Structures are given as C-alpha cells and as structure tokens.
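Reviewing the structure listed below.
In our numbering, the protein residues as written are 84 to 215.
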C-alpha cells in the first residue's frame, strides 16, 4: 500500500472511530447529545481531510468544514452536494467544545440530525473512493 493510500485509510479509520463513538453513546443509558454532535462534526472533518490526503495535500489544521470542503472541491467537485450537511455540522465545531448555554440546548433531535448528516458524508466519500 502506498503511503498516500495508507494515510487516506488512517483518516478514514479515525472518522469511523468517531462514528463508532456516536453509536456507543446512543446505545448508552444517558445520551450526551452535545458529545454526539461533536463526534459527528469530527467524523466529517476527518473524512474531508482524507479526501485531501488522497489527492496528495496536507490537510490544514482547521475545524472549519466549509473551508475543508472548498479545498476538496478543487479535486472532487461533486462533493458540493455535501454543503448542507457540512453547514449543519460546522455549527458544532466550537459550540460543542466549550461550556455555554448552547451546549445545554442541544437535544436528541439535533443529535440525530447530526448523526444522519455525518453518515451521508461517509457514504458519499465511501462511494467516491470504494476500493481504497
């Protein structure tokens, strides 16, 4: 396996770890919906960084999903279809990391919506790069 392919796979595995973390939280007795949203955002971030790595780019150290998408569009224009999901998840980039009123307002509906967005992003990228 080439270094580029190995790095791509490592980013995908990290994203899948976030998705597993989500599932484990949802299966728990008490669900921390802010944590679920955080891991959904993190999964999307890592998936976009995987695309950049696949194309030989060094992913920027940012949590800004729309910036990452913009960079990915240079190589994969069809990822523009993810914009709505990325906008949704981008809102959890900082709000789920820090204390504040917003965290306490994240509810089950928000969490489930974030999970579905992350899953759609994973499916889209998996379909684009199925054998890697």
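Ideal Cβ positions, reconstructed from N, Cα and C, are used throughout, including at glycine. Given the structure is predicted, the values throughout are model-derived calculations rather than measurements.
Per DSSP, reduced to three states, the secondary structure at residue 113 is coil, with no helix or strand assignment. Between the C-alpha atoms of residue 94 and residue 188 there is a straight-line separation of about 31 Å. For residue 211, same chain residues with a beta-carbon under 7 Å away, outside a window of 5 residues either side, are 159 in chain order. Residue 158 carries a coil assignment under DSSP once its states are collapsed to helix, strand and coil.
With contact defined as three or more Cβ pairs closer than 8 Å, the segment 116 to 126 and the segment 96 to 104 are in contact.
Within the model, the alpha-carbon separation for residue 197 versus residue 146 is close to 16 Å. Boundaries of the alpha helix (DSSP H) around residue 172: 166 to 173.
Check the Cα spacing between residue 136 and each of 85, 199, 200 and 203: the tightest is with 85. Annotation for residue 157: no residue places its beta carbon closer than 7 Å to its own, counting only its chain and skipping 5 residues before and after.
Remark: C-beta atoms of residue 169 and residue 149 approach each other more closely than 8 Å. Contact check for residue 114 against residue 194 passes: the beta carbons are separated by less than 8 Å. Inter-residue distance for residue 201 and residue 131 is about 11 Å (C-alpha atoms, whole angstroms).
DSSP places residue 208 inside the alpha helix (DSSP H), whose first and last residues are 191 to 211.
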